[in-house]
Amino acid sequence: MPNATTIALIPLLPLAGFLLLGLFGRKYLKSSSGLIGTALLLTSTILALYTAYEYFFVYGKVNGAYQQFIPLQLTWLEFSKGVSIDMGLLLDPISVMMLVVVSFISLMVHIYSLGYMKGEERFATYYSFLGLFTFSMLGLVLASNIFQIYIFWELVGVSSFLLIGYYYDKPSAVAASKKAFIVTRFADLGFLIGILILSFSSGTLDFTTLIQRLTSPESNEVKTAVVSTFLGASALTWGAALVFIGGAGKSAMFPLHIWLPDAMEGPTPVSALIHAATMVVAGVYLVARLFPVFALTTPAVLEIIGWVGAISAIIAAVIACTQTDIKRILAYSTMSQIGYMMFALGVSKYGGEAGLGYTASMFHLFTHAMFKALLFLGAGAVIHYIHSNDMRDMGGLRKYLPITHITFLIACLAIAGVPPFAGFFSKEEILLAAYQNNMAIYWIALITSGLTAFYMFRLYFTIFWNKPHEVHGEKHGEGGFAMMLPLVLLAVGAAAAGFIPFGEFVSSDGKALVSHFHLEFSIAPVGLGLAGIFAALWLYKKQNDKPQKLAAALGGLYKAAYHKFYIDEIYLFITKKVLFNLIGRPAAWFDRNIVDGMVNLTGNTTQAVSEGIKKIQSGKVQQYAIYFLAGVIVLATLFIYVLR
Amino acid sequence: MITGSTILFYLLAALTLGCGILSVATRHIFRAAIYLLFSLIGIAGLYFWLQYEFIAAVQIVVYVGGIVVLIIFSIFLTQQAGEKLPKQKSDRKIFAALAVFCGFALTMLQVYQHEFNGAETTKAPTVADIGKKMLSVDNGGYALPFEIISMLLLAAMVGCIVIALRSKPETK
Amino acid sequence: MNEFLTLMKSELVVTAIIFLLLFIKIGKGMKNDSLLSLVQVLLLVNFIAGFFFNSTGNLFGDMFYTNPLITFQKNILSLGVYLISLLCADWLKKTQHLAEFFMLMLSALLGMFLMISSNNLLIFYLALELATIPVAAMANFDLDKKRSSEGAMKMILSSAFSSGILLFGISLLYGTTGTISFAEIAAQLDGSSVQILAFVFLFTAFAFKLSIVPFHLWTADVYEGSPIAVTSFLSVISKGSVAFIFITVLYKVFQPIQDVWYTMLVILAVATMVIGNLFALRQQNIKRFLAFSSIAQVGFILVGISSNDYMGITAVVYFVLIYVFSNLAAFGVASVISEHSGKENIDEYKGLYKTNPFLSWILALALFSLAGIPPTAGFFGKLFLLTAGGAKAAYWFIAVAALNMIISLYYYLRVVRAMFMDKNENPVEKIKISPSVKLALLICGAGIVLIGLLSWVYDHIHSLSFKL
Amino acid sequence: MNLLLLIGAPLLTAVAVLLSRNKAQVKWISLVGSVAQLALAFALLYAFRQERAQNNMSQMLFELNYKLFDSLNINFHFGVDGISVAMILLTSFVVIAGVLVSWNIEKMTKEFYFLLILLALGAYGFFISLDLFILFFFLEISVIPKYLLIGIWGSGKKEYSANKLALMLMGGSALILVGMLGLYFTAGHSFDIMTLSKTSIPANIQNLLFPLLFVGFGVFTALFPLHTWVPDGHSSAPTAGSMFLAGISMKLGGYGCLRIATYLLPEGAKEYANIIIVLSAIAILYGAFATMMQKDLKYINAYSSVSHVGFSLLGIGMLTQTAITGALMQMVSHGLMTALFFAVIGMIYDRTHTRMTNEMGGLMKVMPFITTVFFIVGLCSLGLPGLSGFVAEMTVFMGSWENSDAFHRVATIAAAMSIVVTAVYILRAIGQTAMGPITNTSHLQLKDAAWNEKLAAIILVAGIIAIGIAPGWLNDLLRPAAEEIMNRIAGK
Amino acid sequence: MIEPGLYHILFISAALFFIGIYGFLTRRNLITMLMSIELILNSVNLNFIAFNKYVWPDKMDGLFFTLFIIAIAAAEAAVAIAIIINLYRSHQSIDVENAEDLKY
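Line by line, the protein sequences give chains C, V, S, A and L.
For the first sequence, my numbering gives the first residue as 1, with consecutive numbering after it.
For the second sequence, my numbering gives the first residue as 645, with consecutive numbering after it.
For the third sequence, my numbering gives the first residue as 817, with consecutive numbering after it.
For the fourth sequence, my numbering gives the first residue as 1285, with consecutive numbering after it.
For the fifth sequence, my numbering gives the first residue as 1777, with consecutive numbering after it.
Below you can see the structure in the form of structure tokens.
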């Protein structure tokens, strides 16, 4: 049986770190705060691994299926009978898996940052923020209540805001952090309303009950909810769709992805942690968490999810081919990979063989966490060395950064889906699932995988090969042990993670899913991947003008892709023109002039009247007498003739 | 049928109203005073006609002997001899006339509509029982008003002295 | 003890003081200061005397009537006079005719006493005149100021005019009812149109004295023209007394045609509040300002009167009591300032708080009380007036009254702002306040703060008026 | 526990302040006084919970009833339920913070603190009185101190603002007055809330009186479109003044809207509920959008107050138990939050001598503490979980969603949209002031918060977090009281 | 109805009353205004006497009222004249139009 305290400690230790470092780090702990934070996280990672072991190999499996456990559930805020926000710990395959991923990657980043962020002015603050993020993310993962997940959802949002804006005196960083927060916030609005709808129609906020009520078609909740429709779609459909919007926002799905590239303004380790491995997959996790509802009650929404995922995947891939900022390239690739996970869920069914997409998605999430974190950390090492994000400043670094080079290569191979690296296995499963359910998406996915391979190796070659690197000034060597250790560990993960029999552990219905491997099927993707690699090799191995030519040849498409298909501009137009000029300004004006004007008007009118009637008081006693007499006569006539 | 008393009445009425009108109309202030005097006399005459000799006497004594004289003195004090009074603005006059006319019409309408229950016994009171009443404190007696009047006259006297006999600042 | 003495004690005491002063004057006279202190003592005695031997009864047939409530009202008036004698000490010491001044004021007071307890139109009329003519003379007491005599002239003429109309009304009333005693008139009233006419004529006399719109026009000019002592006397004492007798006349005599006067009161109350406020809005001279504000206050009194029952009586008496304190405090401060610096304009009050915090606080208190802001007593006074008036559930009527409270608050705040907030390079210099004035101001302040919270005052009045 | 203590403590403090000789005395006396009030508030909370724990379920606890105007049946009738307790806690928090932040006031210190304490007195009295008349009395007490605080110690066009505030509030109380008298007469000459809540008032009268009372109190709590005193008043007032104004006085209004208008006139409430909802929804969105355009920090907070207070009115209008609970939570939360916000603005202003966001930048470098607090309050205002704002707003939403018809749904969604707009303007404000490069180099010499400021901020932050982390206790306090109200509305 | 009676006298008195009022409203000289007042009061007296004679002869209220009114009139006139004279002293005119410093 799960032990509540052990599991509770996993998120609480980082929280402790946050408080400790946040309150005292700046003044007292100073540079030691990094070690403290890391130590705390190490503990909780160990606990997480222990929990995972316990769950998967000791008590988790009951008669052939992994069960849900809720070792702890506290009522946090009760709205009415049965409807309450609970703080709970929910253990099931995906949560445990995420637990491991999050804590592990976070630990890596902690260690890495010891080197990368050394000497930063707000070192302690940095680590306290990391703690906050890790806490929130773990809480999100473990949430047993849809409102709990929303709470931690917001918390990860804010910690990401804080970390993106870590270099707060860089205007671009500030802007990026604001953008990230507001865009996700906008998506969260959908999430919130979705929660309201779902909870109202199911009469609960608790995941288990909610899913169980909404998935049984004969339950009266579903009946009533299905009856009440809005714009032709049932309440449940709306609810599910809105919830997905929340997820899409966090996971930077098209068209809510615009914040992710800018988010790269944050320190690179942060990007690795938040914007590659963990937070951005929260959306996927959310969909997975509510998968039964999507799959059984609102398949339409699942369809949408599939398409959104696919589109995001390919668009991001295309854009990634044209960018020059290495972190942005990685960001787009992240987006594209998450697109994979999304449509994997989208094409999946509930239970049994048909649930392959689900497993695949989770699997890809797992592997992607490894190699993408690795990529970012590697890129971080490069940037650390070059002091620039722009790959045009780079080239021929393989001699100067050997370890980074190797690990980076591994990661690239992994993401390109070259066997036997991790990416290969998960991607294969995804493609298979798509193949089985939705041909169109399958083709998109296939093309995307090719593009992926291409732009990754474009990156790889331009950084490490291409033009020779000329050393100006004395260069400190590759970052120290603290930075190399995570690279190595992650490289191992990226290389080996594929061999985990994932289906054994994670599947839509908890029962084991044997993923059998078809060689003939995997020819196409691998082939495309290799093609992409060779294309990159041909274009970027040596310094030459082929790329420019190619770009010129592609013309408009290239330009559009280079400008990210002008989506940012559209957003800018909407916010600046519509929100500010068409709503905000008029509102402010209306308030100052109309509403306030009314108030002042009354005052001035009174004044004016009083000025106007002052002549009555003319100072002439006979005038007074006339008024007097008139008063008498009027009153008399009034009361003799009129009012009786 | 027209008796002497009737004629007398109308004469007195004519005198009163006529002189009244003249006294508010003329622009010679002395004449105004004199017209006022005659108008008051006319009223006194009406009292006589009504057989309220005592009131008539008082009227003559107080008004003719007192107030009008006072007024005339004050005219002497304040008026540069013989010049006419300044004309009033005509709009003021019009409004006043209008108001007055309305008031008069209104009053008369009400008064004539109302049926005053005329009593037959029209005996006039004698000076003696007026005197008795005046100083009796029991029901229907007028001692209290008498006292009040005395206080009032005292106050008025003091007031007049203070105001009219204004002493130069340095004295006292 | 002799009934005559007990029933008429207030009047007798006042008369005694008047004659004492007369003899002093005729005799070798006294120095102003000592005379003033003597008078103050006498007035205090008069005030205290009011609390003993209260009983109910008629005198002189039924011409004179008194009861504990009436005695209480008289006490309020004498209290007011006493406070005035303290507050305006500075001005009084300067005047050359101190004895005469007090003789006049006291005879006016006597007139008011008689008016309050008059039970008969004749007495009422005479008392009214006794309460008016001397005041007119007093209004002229700044002998060498033109404005003073102009004010006096305006007062005497218009009051003569109004009393002429009053008399005509009385005569008509007498013609239709054949009597001049309140009780019998009430029995005789049949609401015939002549009687309505007569009532309107009669009504205007009260309206004139209470300065109800449109019979109010003399008020401001006279208040501004006359010395502050007189102004405060006019605005507080005579208003109060007329309000009292007004209630008696309406409730006692004209009860049969109450629906007529109820409507009349409502109309005039609204008119009075609105016009008074609108005029007060723009005033610069503090006396004139207070004149118009007091007109607006009268509007509220009418609201209270309009409820035709003992609640109304209680509310009005209570309000007048509070009004005495508030208005006298305001006038007191005004008189102190104008005596020492000759400044009577609100703009010249700017920055007063810097130099004279005490005066500023008292004035502010008084104004808040007039505006009906808690915790000052004015709040309770106004509220109870409205409560009484609301008994007929004429919500719009109360609403208008309440809205007028806003306007009034605006201009009261103007003064407060001038004193506390506005900058001024040459404010009123520090004023050395003589002890008697300080005492009086403190009394007023205490009254303003306490009378509201000491609910037994209200309950006492209530018990008195409830007995009627 | 004797409720008179709650009035007595501030009263004594005020008197002591008046009698004190020098500025130091004044300050320390008022500090001690406000600490005492805080202690009393906590004692009250404790006692209240004890009573409830020994399930003493009578609606009002610690009732006192002294005769005041016997003949008019006006009594000093005091008593508290959960709502009052919560409000009193809020008040005591804001008071102590207000006293602390105005520590360095130089001009007429004595008067300043006297008026401040007087305001507090009014609030305490208001929250514990169960007699309409007394309640109105305490409500009115606070008008003049506000006027003077703004007019004397304020900044900008202070006279104008002070006048506007005083007059508009007076207008509100005029309406209240009429409604109050209406109640008094229809309910057979009684001002007693408990009695009134038992009497059934004919529907037509309710429909007549409800608007009077609701709008009357609504003016105090910035009911759209009668909110215009808020921006000017807040922006002109001194720091503590704004804190009290937004933190306490606006809550008087909300409390009145609920406890008097809605509770005593349920039929009227049902009649006008939709109008209230529309108005408050407008206020929420419109306030938020108007805020987006502001440059002056105080205006930003003032307008956002309009928007936030809209939530509590919305909750009341929704007429469900949860929504009303949420409304009350929002009052408490917003009280603490906005007080803190104004405190921070004041601190910034004292240093930079500007409140224009575009004239600052990068303050985080020079005053980390203040900016941290600024972050916290900002995040609270945009409804970050773990801070009070989130709890309140979510409760309102959940409650609003319980009415399942389209109208309420739309209104709720409209209101919910504001959380995005809020995020926009809060982040703009923070971004421009705290983050970014330091634009004005003279800011480099500025000092961080002094002890009193730190203390004040910490107290309020503690309150915010206490609600945000563990809303249960507040919920337990408010929900039963809301239930009583709902029972009357439901006609049980 | 030639025969003079109550109503005739009432007519006379009312007429006189309003004549007086007219005078009061239009005369610019203070003393003449005072005279108009006297006319008003006399008309009232006439009313009282008439009523007393024709309607309520058995009591003498009207008569006494008249007496006291006459007395009052005297007092009032005295004070009024005193004030007027004082006003005349302070600015050599008794034109009511000139006495309007106090206004608005």
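Ideal Cβ placement from N, Cα and C applies to all residues, glycine included.
Treat the numbers as computed from the prediction; the structure is a model and nothing was measured.
query                                                                                                                                                                                  : result
Could you compute how far the alpha carbon of V/P813 sits from the alpha carbon of L/I1860?                                                                                            : Legend: pLDDT at V/P813 = 47, less than 50; position of this residue unreliable, no value from coordinates given.
At 7 Å on the CB atoms, spell out the chain C contacts of V/L750, in chain order.                                                                                                      : I633, A636 and T637
Less than 8 Å between CB atoms is the rule here; does C/V595 satisfy it with respect to chain B?                                                                                       : No chain B is part of this structure, whose protein chains are labelled C, V, S, A and L.
Check the DSSP bridge columns for A/K1482 and list the partner residues they point to.                                                                                                 : According to DSSP, which records beta bridges pairwise, A/K1482 is partnered with nothing at all.
Pair every Cβ in the region 372 to 387 of chain C with every Cβ in the region 258 to 272 of chain C, then say whether three or more of these pairs are closer than 8 Å.                : yes
If we define contact as Cβ-Cβ less than 8 Å, is A/M1454 a contact residue for chain S?                                                                                                 : yes
Mapping DSSP to helix, strand and coil, what is V/T815?                                                                                                                                : Below a pLDDT of 50, predicted positions are generally treated as unreliable, and V/T815, at 38, falls in that range; the measurement from the model is reported next regardless. It is coil, neither helix nor strand.
For chain S, find out if any of its Cβ atoms is closer than 8 Å to the Cβ of C/K615; answer yes or no.                                                                                 : no
Would you check if the distance between the CB atom of S/F918 and the CB atom of L/F1800 is smaller than 8 Å?                                                                          : no
Pull out every residue of the region 768 to 786 of chain V whose Cβ sits closer than 7 Å to any Cβ of chain S, in chain order.                                                         : V781, D782, N783, G784 and G785
Would you report the Cα separation of C/F573 and C/W307, rounded to the nearest angstrom?                                                                                              : 26 Å
Just by C-beta distance, which residues in the region 1490 to 1521 of chain A are closer than 7 Å to chain C?                                                                          : P1509 and T1512
Evaluate contact between the region 1150 to 1163 of chain S and the region 1246 to 1258 of chain S, counting only Cβ atoms and requiring at least three cross-stretch pairs below 8 Å. : yes
How long is the line joining the alpha carbons of L/N1818 and S/F1105, rounded to whole angstroms?                                                                                     : 38 Å
Throw me the rounded Cβ distance for the A/T1575 and A/I1584 pair, which I believe falls under 8 Å.                                                                                    : 5 Å
Taking the beta carbon of S/V1163 as the centre, do at least 16 other beta carbons fall within 10 Å, making it buried, or is it exposed?                                               : Per the sequence shown, the amino acid found at residue 1163 of chain S is Asp instead of Val. Per the 10 Å Cβ criterion, exposed.
So C/Q73 is in the beta strand (DSSP E); what residue range does that whole segment cover?                                                                                             : F69 to S80
Any idea what DSSP makes of S/E1241, helix, strand or coil?                                                                                                                            : coil
Across which residues does DSSP place A/F1807 in a beta bridge pair?                                                                                                                   : The requested residue 1807 of chain A does not occur in the structure, where chain A is confined to residues 1285 to 1776.
Would you say the region 670 to 679 of chain V touches the region 696 to 706 of chain V, given that touching needs at least three Cβ pairs under 8 Å?                                  : no
By Cβ distance, which residues of its chain are closer than 7 Å to A/M1648, with the 5 residues on each side in sequence left out?                                                     : T1655, A1718 and M1719
Can you pull the DSSP bridge partners for C/I85?                                                                                                                                       : C/L77
Under 9 Å between beta-carbons, which chain C residues line up against A/I1703? List them in chain order, please.                                                                      : R185, D188, L189 and L192
With distances taken from CA atoms, which of C/A414, C/L554 and C/T404 is nearest C/F481?                                                                                              : C/T404
Is the beta carbon of A/L1762 less than 8 Å from the beta carbon of A/L1668?                                                                                                           : no
Could you check whether the Cβ of C/S610 sits closer than 8 Å to any Cβ belonging to chain L?                                                                                          : no
Between which two residues does the alpha helix (DSSP H) containing S/F820 stretch?                                                                                                    : E819 to L823
Could you check if V/K816 is buried or exposed, using at least 16 other CB atoms within 10 Å of its CB as the buried criterion?                                                        : Low confidence applies here, because V/K816 scores a pLDDT of 34, under 50, leaving its location unreliable and the question unanswered by this model.
Short of 7 Å Cβ to Cβ, which residues in the region 925 to 957 of chain S face chain V?                                                                                                : L926, L930, L938, I939, L942, A943, E945, L946, I949, P950, A953 and N956
Sorted by chain position, which residues of the same chain lie with C-beta nearer than 8 Å to V/F692's C-beta, five sequence neighbours on each side aside?                            : A700
Looking only at DSSP bridge pairs, what is A/M1640 linked to?                                                                                                                          : A/D1580
Rounded to whole angstroms, how far is the Cβ of A/Q1614 from the Cβ of A/A1676, which I believe are closer than 8 Å?                                                                  : 4 Å
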